[in-house]
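In our numbering, the protein residues as written are 81 to 360. C-beta atoms are modelled at their ideal positions from N, C-alpha and C, and glycine is treated no differently. Read through the structure below, which is laid out as structure tokens, and then see the notes.
In structure tokens, the structure reads:
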């Protein structure tokens with residue numbers, strides 16, 4: 081028994097040792113970035129109160145003229161945020177280090193055509209983009225490395241969904257897709273099970289009123305019925321799945337497009353311990 085306890089705590093320590101300083105400096109919660117540049121050519125990175133919707137400035141980043149901050153995600157493997165900077169063409173893949181308060185941009189490489197919408201970290205795969213195939217249909221998911229180079233593709237069923245924005249439980253789970261166009265044979269939020277496997281399956285999760293959602297984030301510690309959030313540009317939205325979409329509150333800030341949830345390191349360690357204890 082003592083050996084098992086030692087092994088459990090040793091594994092938890094290893095997992096904690098893999099956490100970056102950036103992860104250690106950020107509490108779990110919602111973060112986001114503004115859509116448009118200010119007069120100085122910057123966009124802001126903010127924290128968002130999930131109870132009130134209030135956004136708070138953290139730091140800003142200079143971006144090229146004519147670009148906009150779009151979807152955003154958090155990668156727990158290195159404690160960085162990744163997003164799509166829309167430029168009217170291919171756009172730029174963005175790597176944000178919240179500890180250094182810096183941003184690095186990369187060009188997308190290895191894709192059949194321009195244009196990307198959703199950006200999301202999916203455990204077991206990495207950073208996933210939703211985009212189009214060579215014909216122009218937006219029915220492909222791509223995995224990219226941290227420099228925006230395509231590593232893997234998954235051709236999905238044509239015409240089922242316009243994959244505008246992506247969201248995933250960053251501690252593991254299926255990939256969720258927010259479809260703001262709401263096709264007649266789809267839902268506002270859909271879930272892809274095993275999207276890069278041999279037989280990915282699509283399930284409707286939520287269908288209801290829309291208040292202009294533009295990105296999706298999931299709290300991995302909340303119940304599935306209340307852990308879905310979306311940015312409504314001027315306000316934070318939450319989904320009571322199969323019931324309705326509610327306004328959490330106004331940002332009281334300039335327009336925020338991309339939002340992402342970051343888990344707290346201590347929570348990750350506790351979940352690892354619980355899993356290993358159950359296994360024992």
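By DSSP, does residue i sit in helix, in strand, or in coil?
i, result
"residue 134", "coil"
"residue 197", "strand"
"residue 126", "strand"
"residue 140", "strand"
"residue 119", "coil"
"residue 333", "coil"
"residue 212", "coil"
"residue 146", "coil"
"residue 106", "coil"
"residue 202", "strand"
"residue 228", "coil"
"residue 277", "coil"
"residue 114", "strand"
"residue 338", "strand"
"residue 157", "coil"
With 16 other CB atoms within 10 Å as the buried threshold, where does residue i fall?
i, result
"residue 181", "exposed"
"residue 214", "exposed"
"residue 342", "buried"
"residue 325", "buried"
"residue 336", "buried"
"residue 308", "buried"
"residue 255", "buried"
"residue 187", "exposed"
"residue 199", "buried"
"residue 153", "buried"
"residue 142", "exposed"
"residue 136", "exposed"
"residue 114", "buried"
"residue 340", "buried"
"residue 103", "Note that residue 103 has pLDDT 49, beneath the 50 cutoff, so the model's placement of it is unreliable and no number is given."
"residue 291", "exposed"
"residue 257", "buried"
"residue 174", "buried"
"residue 168", "exposed"
Going by the beta-carbon positions, is the gap between residue i and residue j smaller than 9 Å?
i, j, result
"residue 165", "residue 172", "yes"
"residue 209", "residue 275", "no"
"residue 310", "residue 297", "yes"
"residue 333", "residue 119", "no"
"residue 163", "residue 149", "yes"
"residue 268", "residue 300", "no"
"residue 283", "residue 271", "yes"
"residue 223", "residue 205", "yes"
"residue 328", "residue 132", "yes"
"residue 158", "residue 226", "yes"
"residue 155", "residue 138", "no"
"residue 129", "residue 106", "no"
"residue 319", "residue 134", "no"
"residue 248", "residue 201", "yes"
What does residue i pair with, by DSSP beta-bridge criteria?
i, result
"residue 173", "164, 186"
"residue 282", "272"
"residue 180", "In the DSSP output, where bridge partners are listed per residue, residue 180 has none listed."
"residue 245", "258"
"residue 235", "220"
Answer with yes or no whether the minimum CB distance from residue i to chain B is below 9 Å.
i, result
"residue 230", "Absent from the structure is chain B; it holds one protein chain and no more."
Review point. At which residue ranges does the stretch 288 to 331 contain complete beta strand (DSSP E) runs of 3 or more residues, listed in the order of the chain?
Key: 295 to 298, 308 to 311, 315 to 320, 324 to 330
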